[in-house]
Structure formats: C-alpha cells, structure tokens
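See structure below.
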C-alpha cells in the first residue's frame, strides 16, 4: 500500500511539474505586445476627426498584439522637432505635413500648403497614386536614416479667418497670420507677416491681438477647434485646395512590426484619408451656408488672379532648388494643365 501511495504521490507531483513546464513553455512563445507613441499635428478637438477614429479602430483590430498611444499637438514634442524626435526614437510615429516637422528632404516644401498645387482634395491622392509623387517621396525619404515615410493624404483647403474683413490684396498687408512655413513664405509677398506659434496658443493669441488672423485651414476646422469664436470673417479665396499631410514612423520600430499589423495600419491610414474627404468636403459647404459665426468675404476674381500668377513664379523658384523639386513642379504643371483642359467639374472658370 505504501509503495502504491508513493507512486500516486510521485505521479501527481510529476503531473503538476509537467503542467507547470508546459505553461512556461507556452508563455515563452507568446509575443510581447508592441506599444507605439504617435503624435499628431492636431489638437484634441481636431484629432477627434483627423486621426483618433482610425487609431481606435487599429487598437481594436490589433487584438492585443499592438497598441498605439495617441498624443496631440506639442504634447510630447514641439511640432517643429517631431521629425528629429522620431528619428531618435523618442516617439515612434507622426501624423503631420513634411513642412511643419522640418523633414530634412528637399520635397518637404511641398507638404502642407504649397500654393495652388491642388484645387480640390481629390487632387492629392491622384497626384501621389497616379502621377508619381508616391515614388518620389519614397526615394527622398529613402535617403534619410531612421524614418520611414508611410503615405500621404488630403485635408482641407487654406483660407483666411480674420478679425477684420479682407476684401482686397491691400487688406492683407501687415496682417500677422498664423500659417505654415512655405505658405507663409509665399504670402509674405503680399505683405502678410507669418507668425509661428504652438497650436494650442493660437486662440489666446487671437484674443490678445498678437495675431490678426489664421491661414491654417478651411472653415470646418475654424468651427471645430474654436477659431470661429475669436475671428469674424472668412475669406472664400484660398491659396490651396487641400493640405497635404503624411504618416511617418521610426524606421527601426516599423521594421519590427509584423507584416499583418503593417497592413492593418495602412488600412487604417486609408480609413482616415477617406473619412477626411467627406468630412471636410461636406463641412466646408455647409458652414459657408449655415454657419452663423463668420461673415464671408471675397477678393474679386481678376485681382486674385495676380496671386495665382505669382504662385507660378514661386513654383519656378522652388524648381531651381533641386532636380527632384523640378520634377515635382513639372508634374504639378502637367496635372493642372490636364485638369484645365478637362474642364468642369475638374476645374471651373
């Protein structure tokens, strides 16, 4: 009996040991969850539309294998330092335009609002997917260590929202305007004084008189983020039909992501790109008609044509900065010429 008891006792201990070893073995094979910190150019109210739904969807679909922690404009790193911070691995990914984050590539000048490069939001994806900008951006960022460019998309147009009305080019002179680097450089030709501030400080700067206006968005964002509460007028003329923004990731962190999660992230990028197409397009029209906070003004078409003519000179100046920039400018010229020949609805007037 004692030998039988010893056998049963030893068998039980062995079973427990085997179970424990088996659990340890299974646990050791489980991959560690990947965690990213992604910072967007947008503040919280705007991010609710331009990125948060897609990141929430990614985290849900990743099923515990990966989590992206979303941070808003300047929350971890000042926007102008985002590229370097991502390169160093301080943050893992970025949603912004090349221009604002000081990307060290020649094509960064075309990010954000390059004057009159696009007239409508659909121009941006067509230029990247059908006219070769995607390959050009991949080539440019392939020359920079530590960062992978993941793709571009379109946002809203670039209009002025101001305290005082703008009815002519003369009214722009001396106006202190919050805008993007390249857009500001172009607008300075018309007497605009470009001002750079942290995104979250813009509303207060409007209230204190530090700023006279904003050329950073269309009317949808003016209402969404509260700028319509501190400005009075909205100029219907715009210098660009769509902001061009991109997604970027630290190269090492991106390479560590399994292929199925890379695919998932790019699908979520596409989802965000699609959402913005209809959110902005519908919002721009609706708020011009039904918005009660901003009075619309317009610079006469003949006078505004001089701004477009100046933009063509600006294009030629940028084309001289590098062969790659010259190639991009030539694509813009060919594309816009084709759209003009196609006529309505591709180009009006």
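Numbering (the numbering used here), first residue to last: 47 to 395.
Don't be surprised by glycine CBs; every beta carbon is placed ideally from N, CA and C.
Can you list, in chain order, the residues of its chain with a C-beta nearer than 6 Å to that of residue i? Leave out the 5 residues immediately preceding and following it.
i           : result
residue 147 : 128 and 129
residue 82  : 114, 138 and 139
residue 84  : 114, 116 and 139
residue 392 : 385
residue 227 : 145
residue 369 : none
Measuring CB to CB, does residue i end up less than 8 Å from residue j?
i           : j           : result
residue 288 : residue 261 : no
residue 339 : residue 275 : yes
residue 200 : residue 167 : yes
residue 125 : residue 209 : no
residue 349 : residue 214 : yes
residue 320 : residue 99  : no
residue 378 : residue 163 : yes
residue 371 : residue 155 : yes
residue 282 : residue 205 : yes
residue 273 : residue 89  : no
residue 279 : residue 380 : no
residue 248 : residue 222 : no
residue 357 : residue 161 : yes
residue 425 : residue 343 : Nothing can be reported for residue 425, as the shown portion of the chain is limited to 47 through 395.
Take residue i and list the residues in its own chain whose beta-carbon comes closer than 7 Å to its own, dropping the five residues that flank it on each side.
i           : result
residue 220 : 237 and 239
residue 184 : 195
residue 50  : Low local confidence applies: a pLDDT of 39 at residue 50 is under 50, so the model's placement there is unreliable, and no value is given.
residue 190 : 150 and 151
residue 103 : 314 and 317
residue 373 : 182
residue 311 : 104
residue 107 : 310
Name, in chain order, the residues that DSSP records as bridge partners for residue i.
i           : result
residue 205 : 263 and 284
residue 341 : 279
residue 164 : None; residue 164 has no bridge partner.
residue 114 : 82
If you reduce the DSSP assignment to three classes, tell me which class residue i lands in.
i           : result
residue 178 : coil
residue 222 : strand
residue 83  : strand
residue 197 : strand
residue 171 : helix
residue 186 : helix
residue 52  : Interpretation of residue 52 is limited by its pLDDT of 46, a score under 50 that renders its predicted location unreliable; the figure taken from the coordinates is listed afterwards. If DSSP states are grouped into helix, strand and coil, residue 52 belongs with the helices.
residue 101 : helix
residue 323 : helix
residue 121 : coil
residue 329 : helix
residue 307 : helix
residue 147 : coil
residue 346 : coil
residue 384 : helix
residue 158 : strand
residue 142 : strand
residue 293 : strand
residue 393 : coil
residue 92  : helix
Let me check understanding here. Comparing Cα to Cα, which of the options lies closest to residue i?
i           : options               : result
residue 296 : 311, 121 and 133      : 133
residue 202 : 259, 264 and 180      : 264
residue 158 : 99, 225, 119 and 97   : 225
residue 298 : 135, 144 and 156      : 135
residue 390 : 120, 80 and 165       : 165
residue 364 : 232, 187, 105 and 175 : 232
residue 109 : 334, 241, 332 and 307 : 307
residue 234 : 360, 371, 376 and 89  : 360
residue 216 : 272, 243 and 345      : 345
residue 80  : 105, 280 and 89       : 105
residue 78  : 332, 176, 303 and 343 : 303
residue 180 : 101, 255, 286 and 293 : 293
residue 352 : 176, 285 and 177      : 285
Go through its chain and collect everything with a Cβ distance to residue i's Cβ below 8 Å, but skip five positions before and after it.
i           : result
residue 325 : 95 and 266
residue 86  : 93, 96, 97, 116, 117, 118, 119, 140, 141 and 142
residue 122 : 83, 85, 131, 136 and 137
residue 153 : 144, 182, 183, 186, 370, 371 and 374
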